[in-house]
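*Asks:* Going letter by letter, the sequence shown gives residues 7 to 165 in my numbering. Yeah, the Cβ is synthetic: ideal placement off N, Cα and C, and Gly gets one too. All figures in this text were calculated on a predicted structure; none of them were measured in a lab. Sharing a structure with you now.
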Amino acid sequence: MQTKKVLAGLFLAAGSAIVIAFTHSVITEDAETRSSHLVGGFLFGLPPIALGGWLLVGASRHNPRPDQVSLRATFYRLLKQNSGCLSVMQFATATNLPKTAAQSYLDERAKEFDAKFIVGEDGSLAYQFFYGQDQNETHLTQTLRERLASSDFRDITIT
Numbered sequence: 007m008q009t010k011k012v013l014a015g016l017f018l019a020a021g022s023a024i025v026i027a028f029t030h031s032v033i034t035e036d037a038e039t040r041s042s043h044l045v046g047g048f049l050f051g052l053p054p055i056a057l058g059g060w061l062l063v064g065a066s067r068h069n070p071r072p073d074q075v076s077l078r079a080t081f082y083r084l085l086k087q088n089s090g091c092l093s094v095m096q097f098a099t100a101t102n103l104p105k106t107a108a109q110s111y112l113d114e115r116a117k118e119f120d121a122k123f124i125v126g127e128d129g130s131l132a133y134q135f136f137y138g139q140d141q142n143e144t145h146l147t148q149t150l151r152e153r154l155a156s157s158d159f160r161d162i163t164i165t
């Protein structure tokens with residue numbers, strides 16, 4: 007990711023320098039060469055600027071925001087603490103999110119990790135991310151096991 011940002015900066019700087027140089031020459035040169043310098047500025051200056059901008063936008067899309075990383079870390083920590091069962095209220099309280107936002111986040115994780123839904127006697131909704139045939143033995147869903155193995159949260163071990 008850092009490489010893309012550096013390349014983006016280099017392309018943006020080079021493209022900007024070219025555009026500035028051609029703009030200066032358009033302003034200071036005679037009328038006969040202005041049009042060729044204007045075209046040259048566009049042809050040689052705008053592509054590096056466009057490429058640098060594209061790289062910068064692409065690099066920023068792949069970097070999760072700190073609040074997303076914090077939500078994910080809290081999500082994994084709560085899964086570990088609660089043996090794979092997590093209610094909307096538990097998650098909302100731990101993350102200081104509104105109930106609707108917490109439920110939306112957990113709905114997305116439930117789809118992603120193939121979780122089961124549990125409705126409590128009071129109508130509250132909980133998500134079961136670990137399950138198995140035996141009540142004494144819980145298993146990770148296959149997708150959650152794969153995600154945890156490839157995640158940046160390797161320090162979170164779930165037994």
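Pull the bridge partners of residue 125 from the DSSP assignment, please.
*Replies:* 131
*Asks:* For residue 92, which of helix, strand or coil comes out of DSSP?
*Replies:* strand
*Asks:* Is it buried or exposed for residue 124, if we count other Cβ within 10 angstroms and need 16 for buried?
*Replies:* exposed
*Asks:* Tell me which same chain residues have a C-beta within less than 8 Å of the C-beta of residue 35, skipping the five on either side of it?
*Replies:* 43
*Asks:* Would you call the CB atoms of residue 136 and residue 93 closer than 8 Å?
*Replies:* no
*Asks:* Work out the CA separation of residue 95 and residue 58 for me, nearest whole Å.
*Replies:* 43 Å
*Asks:* Below 6 Å CB to CB, which residues in the same chain sit around residue 24 once its five sequence neighbours on both sides are set aside?
*Replies:* The beta carbon of residue 24 sits closer than 6 Å to those of 50 and 51, all from its chain and outside the five residues before and after it, given in chain order.
*Asks:* Considering just the uninterrupted stretch of the alpha helix (DSSP H) at residue 113, what are its terminal residues?
*Replies:* 105-119
*Asks:* Out of 130, 108 and 48, which one is the CA nearest neighbour of residue 29?
*Replies:* 48
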